[in-house]
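Input: a single structure, listed below in structure tokens.
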Amino acid sequence: MSDITSEDFENLELLARIRCTENEKQDILASLKTILDYVEQLQQIPTDHVEICCHPTLDALQEVFREDFPEKNLDRKTFLNNAPDKIGGMIRTPPVITEEP
Amino acid sequence: MDLLNLSALEIHKALITKKISAIEILDFFLSRIDQYDHKTKSFLKVFRESSREKAKQLDQKISKNKPLGKLAGIPIALKDNIHIKDETTTCASKFLENYIAPFDATVTRLLKQEDAIIIGKTNLDEFAMGSSNENSAFFSSHNPWNLEHSTGGSSGGSAAAVAARLVPIALGSDTGGSIRQPAAFCGLVGYKPTYGRVSRYGLVAFGSSLDQIGPLTTNCKDSAYIMELIGQHCMHDATSVQKPAEDYLSSFSKDLKGTKIGIPRKFLEKHTPKNIQSFEENIKKFTSLGAEIVDVDLSILDASIGVYYILATAEASTNLARFDGIRYGTRIEGENLLDLYLESRKNGFGSEVKRRILLGTYVLSAGYKDAYYRKAQKIRTLIIEAFVKAYQTCDAILMPTTSESAFKSHSIRDPLQMYLQDIYTIGPNLAGLPAVHLPTGFDHNHLPIGIQMIGSQFADIKLLKIANAFEETFPFYENVPSLFKGKEK
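Protein chains in written order, with this note's numbering: chain A, 53 to 153; chain B, 4 to 492.
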């Protein structure tokens, strides 16, 4: 049985920057344990000299880089269109640096 | 003109031969949406004004004998995780409820270029995470063949819209089966291209090494026609393969003589679908059409669900990190920046999305990454190798798409049990292979059933050719769900 604890779960929430509701916590923790138990079976498959795969059709790709030249891209107005809080052409956020240097 | 029973291609031909106008075609489908969509709840948004405007422009072009695009007159719906400039892309999430796409997805641009009429955005499981369409933050869609049953997911809205004949073609996205499984539940052709064949630019990413956009149609020729237009290189997607658009339809023939169909017997013995009898009957049909049946070993696919739910959730945890409430999305202010992130994401995401992000974060975290993520990546290589070996002896592999027909809505509550639904569809995503669901009949509850065909990498044309030839044995597209057969008011 997966040994993920409530404390582990709270650390996970912090890592993922997600807060679950009280109703969700128990349900999601229980399902994480079940799913992690299920995937344990993968440990039975020998993979000692097997390369990892991160892209299934990598061999088919040719040169993917283009010349490095500036292009006209998204204009500021369009970019800010979806910003939840903006001021003077900038996005407003809570302070990032909160301590004295 | 009986638009209800015409394919998209036939509708387009009727337009360019002036048998019908673009506005007549559009009004037909808009009326059907008005009359029937409250039953299927397939659309999140319908573009009545802009699509009528486009139809009028097309009719003006026709009256002046100007050249028309290859999709002229065809209404198309897009799953609401595909961008249309200046329209909302919600991903069926509260987080993006008011998010307006600042650019067209490449597929959207290509459709517009060819004079398609983009009629609306369809419902999905939130951020494409689900197999039932029950995870939409807004509402669930309903299966046109029986409204109490699931459409499947995550492209459930697209599937329901086409099956109910509210639109002749819809695009969906497929990460672990999200085009093919709803196609299976709703009795449609659902096509997932080879990974990299269709641009992902403008598709909100779920699993970047797995996602592909593809069509849901009533028949194979319509899917092939769309693939001719959207299956091409895109400079904005570095995973898009440098191949130009290809001609699919001219190579179509009914002849399956000499075609080798691989059946993964050992895998199917362990994972026998409930509709195995229908599956065996379809194998016999292939034989009667001149195909040769061979056995292939895909027993490694036992591991596919475990591999997928590690890799896809890991990729999703990274892809959904951008939804932080800073630049876009629903922001909930907090005492500080961390609080803003935590509260915005708590409020914006549904439970299934949270579950997958947390699982993905876990398998990538220090101390666990090797045991889970790297291990899964290695087994992915084994899966790819098993398919490569199988294709040395066959042209296409035949598998079920689902174990049985559409389940009753909200009947599967356990997340793992829902994940296990994907056992037949996940392999092609992991291996980057083209795969298609083809409806072949009905079960005793008069719900659609069918088969899945899987091709080798970049053999999209060959795969659709085989599917099209097989489709002739049972033209499922002649069946319209009885609730949706009526004349428009």
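Backbone N, C-alpha and C define an ideal beta-carbon position, used for all residues, glycine too. Being a predicted model, the structure only gives us computed values, none of them experimental.
Cβ shell of residue i (< 8 angstroms), same chain only, five flanking positions each side left out
{"i": "Lys-492/B", "result": "Its pLDDT being 48, under 50, Lys-492/B is placed unreliably in this model, and the value from its coordinates should be taken loosely. Hits under 8 angstroms: Ser-34 and Gln-38."}
{"i": "Asp-62/B", "result": "Ser-24, Ala-25 and Ile-26"}
{"i": "Arg-334/B", "result": "Gly-328, Leu-343 and Ser-347"}
{"i": "Tyr-102/B", "result": "Thr-91, Thr-92, Thr-93, Tyr-331 and Gly-332"}
Residue closest to residue i, alpha-carbon to alpha-carbon, out of the options
{"i": "Arg-377/B", "options": "Leu-126/A, Leu-94/A, Gln-78/A and Ile-70/A", "result": "Leu-94/A"}
{"i": "Asp-425/B", "options": "Glu-475/B, Glu-481/B, Ala-315/B and Phe-473/B", "result": "Ala-315/B"}
{"i": "Pro-259/B", "options": "Pro-418/B, Lys-21/B and Glu-475/B", "result": "The question names Pro, but residue 259/B in the sequence shown is Leu. The shortest Cα separation from Leu-259/B among Pro-418/B, Lys-21/B and Glu-475/B belongs to Glu-475/B."}
{"i": "Gly-496/B", "options": "Ile-28/B, Ser-53/B, Thr-91/B and Asn-448/B", "result": "Since the first and last residues shown for chain B are 4 and 492, residue 496/B lies out of range."}
{"i": "Ala-472/B", "options": "Phe-289/B, Leu-423/B and Pro-218/B", "result": "Phe-289/B"}
{"i": "Asp-225/B", "options": "Leu-12/B, Ser-181/B and Gly-458/B", "result": "Leu-12/B"}
{"i": "Ser-485/B", "options": "Ala-166/B, Lys-124/B and Gly-123/B", "result": "Ala-166/B"}
{"i": "Ser-212/B", "options": "Thr-220/B, Leu-271/B, Leu-9/B and Tyr-198/B", "result": "Tyr-198/B"}
{"i": "Val-356/B", "options": "Lys-22/B, Asn-136/B, Ser-144/B and Ala-58/B", "result": "Asn-136/B"}
{"i": "Thr-220/B", "options": "Ile-79/B, Lys-73/B, Ser-53/B and Glu-52/B", "result": "Ile-79/B"}
{"i": "Trp-148/B", "options": "Thr-43/B, Ser-256/B, Gln-60/B and Glu-100/B", "result": "Thr-43/B"}
{"i": "Ile-457/B", "options": "Asn-448/B, Phe-445/B, Thr-428/B and Asp-446/B", "result": "Thr-428/B"}
{"i": "Phe-90/A", "options": "Glu-117/B, Gln-235/B and Tyr-311/B", "result": "This sequence places Tyr at residue 90/A; Phe is not what is there. Closest by alpha carbon: Tyr-311/B."}
{"i": "Lys-349/B", "options": "Leu-423/B, Phe-326/B and Gly-293/B", "result": "Phe-326/B"}
{"i": "Ile-139/B", "options": "Glu-100/B, Gln-116/B and Leu-169/B", "result": "Strictly speaking, residue 139/B in this sequence is Ser, with Ile absent from that position. Of Glu-100/B, Gln-116/B and Leu-169/B, the residue nearest in Cα terms is Glu-100/B."}
{"i": "Glu-481/B", "options": "Arg-168/B, Glu-90/B and Ala-58/B", "result": "Arg-168/B"}
{"i": "Ala-104/B", "options": "Thr-91/B, Gln-116/B and Asp-214/B", "result": "Thr-91/B"}
{"i": "Phe-477/B", "options": "Asn-222/B, Gln-60/B and Lys-64/B", "result": "Asn-222/B"}
Nearest-angstrom Cβ-Cβ length linking residue i and residue j, presumed shorter than 8 angstroms
{"i": "Ala-393/B", "j": "Ile-400/B", "result": "6 angstroms"}
{"i": "Gln-380/B", "j": "Ala-112/A", "result": "Contact doesn't hold; Cβ gap of about 19 angstroms is too wide."}
{"i": "Leu-301/B", "j": "Gly-179/B", "result": "Actually they are not in contact, since the Cβ atoms of Leu-301/B and Gly-179/B sit about 16 angstroms apart, beyond 8 angstroms."}
{"i": "Ile-216/B", "j": "Val-192/B", "result": "Contact flag wrong, Cβ pair sits at about 15 angstroms."}
{"i": "Ala-163/B", "j": "Ser-144/B", "result": "5 angstroms"}
{"i": "Pro-437/B", "j": "Leu-466/B", "result": "5 angstroms"}
{"i": "Arg-330/B", "j": "Asn-133/A", "result": "In fact, because the Cβ distance is near 10 angstroms, the residues do not count as touching under 8 angstroms."}
{"i": "Ile-313/B", "j": "Tyr-375/B", "result": "5 angstroms"}
{"i": "Ser-58/A", "j": "Leu-88/A", "result": "About 15 angstroms separates the two Cβ atoms, so there is no contact after all."}
{"i": "Leu-304/B", "j": "Phe-282/B", "result": "The pair is not a contact, with the Cβ atoms about 16 angstroms apart (cut-off 8 angstroms)."}
{"i": "Phe-141/B", "j": "Lys-468/B", "result": "At roughly 39 angstroms, the Cβ-Cβ gap does not stay under 8 angstroms, so Phe-141/B and Lys-468/B are not in contact."}
Beta-carbon gap between residue i and residue j smaller than 8 angstroms
{"i": "Phe-106/B", "j": "Lys-88/B", "result": "yes"}
{"i": "Leu-252/B", "j": "Ser-320/B", "result": "no"}
{"i": "Thr-242/B", "j": "Arg-183/B", "result": "no"}
{"i": "Ala-131/B", "j": "Ser-176/B", "result": "yes"}
{"i": "Gly-3/B", "j": "Glu-346/B", "result": "No information on residue 3/B is available, as it lies outside the stretch 4 to 492 that chain B covers here."}
{"i": "Ile-2/B", "j": "Pro-108/A", "result": "Only positions 4 to 492 of chain B appear in this structure, which leaves residue 2/B out of reach."}
{"i": "Ser-10/B", "j": "Pro-196/B", "result": "no"}
{"i": "Lys-95/B", "j": "Glu-129/B", "result": "It is worth fixing the name first, because residue 95/B is Ala in this sequence and not Lys. Taking 8 angstroms as the Cβ cut-off, Ala-95/B and Glu-129/B qualify as a contacting pair."}
{"i": "Phe-352/B", "j": "Phe-98/B", "result": "yes"}
{"i": "Leu-84/A", "j": "Leu-323/B", "result": "no"}
{"i": "Cys-105/A", "j": "Thr-384/B", "result": "yes"}
{"i": "Leu-74/B", "j": "Ala-17/B", "result": "no"}
{"i": "Glu-318/B", "j": "Gly-435/B", "result": "no"}
{"i": "Ile-70/A", "j": "Ile-360/B", "result": "yes"}
{"i": "Pro-267/B", "j": "Met-421/B", "result": "no"}
{"i": "Ala-462/B", "j": "Val-439/B", "result": "no"}
Own chain, CB closer than 6 angstroms to residue i, minus 5 neighbours either side, in chain order
{"i": "Pro-442/B", "result": "Gly-190, Pro-451, Gly-453 and Phe-479"}
{"i": "Ser-66/B", "result": "none"}
{"i": "Ala-3/B", "result": "Any question about residue 3/B goes unanswered here, given that chain B covers just 4 to 492."}
{"i": "Thr-145/A", "result": "none"}
{"i": "Asp-137/A", "result": "Arg-144"}
{"i": "Val-297/B", "result": "Lys-263, Gly-265, Thr-396 and Cys-397"}
{"i": "Thr-364/B", "result": "Ser-320"}
{"i": "Ala-369/B", "result": "none"}
Within chain E, the residues that residue i reaches when beta carbons sit closer than 9 angstroms
{"i": "Gln-114/A", "result": "Absent from the structure: chain E. Protein chains present are A and B."}
Cutoff 7 angstroms; reference residue i; Cβ partners in own chain excluding five residues on either side
{"i": "Ala-306/B", "result": "Ile-382"}
{"i": "Leu-113/B", "result": "Leu-232 and Ile-233"}
{"i": "Ser-158/B", "result": "Lys-82, Leu-127, Gly-175, Ser-176, Ser-181, Ile-182, Pro-185 and Leu-219"}
{"i": "Lys-22/B", "result": "Met-4"}
{"i": "Val-244/B", "result": "Gly-199, Arg-200 and His-236"}
{"i": "Gly-133/B", "result": "Gly-156, Ser-157 and Glu-355"}
{"i": "Gly-140/A", "result": "none"}
Whether or not the region 238-248 of chain B and the region 269-287 of chain B are in contact is what I'm after, with contact meaning three or more pairs of Cβ atoms, one per stretch, closer than 8 angstroms; do they touch? no
Check whether the region 109-124 of chain B touches the region 46-53 of chain B, counting contact only when three or more Cβ pairs, one atom from each stretch, lie closer than 8 angstroms. yes
For the region 199-217 of chain B and the region 106-115 of chain B, state whether three or more C-beta atom pairs, one from each stretch, are separated by less than 8 angstroms. yes
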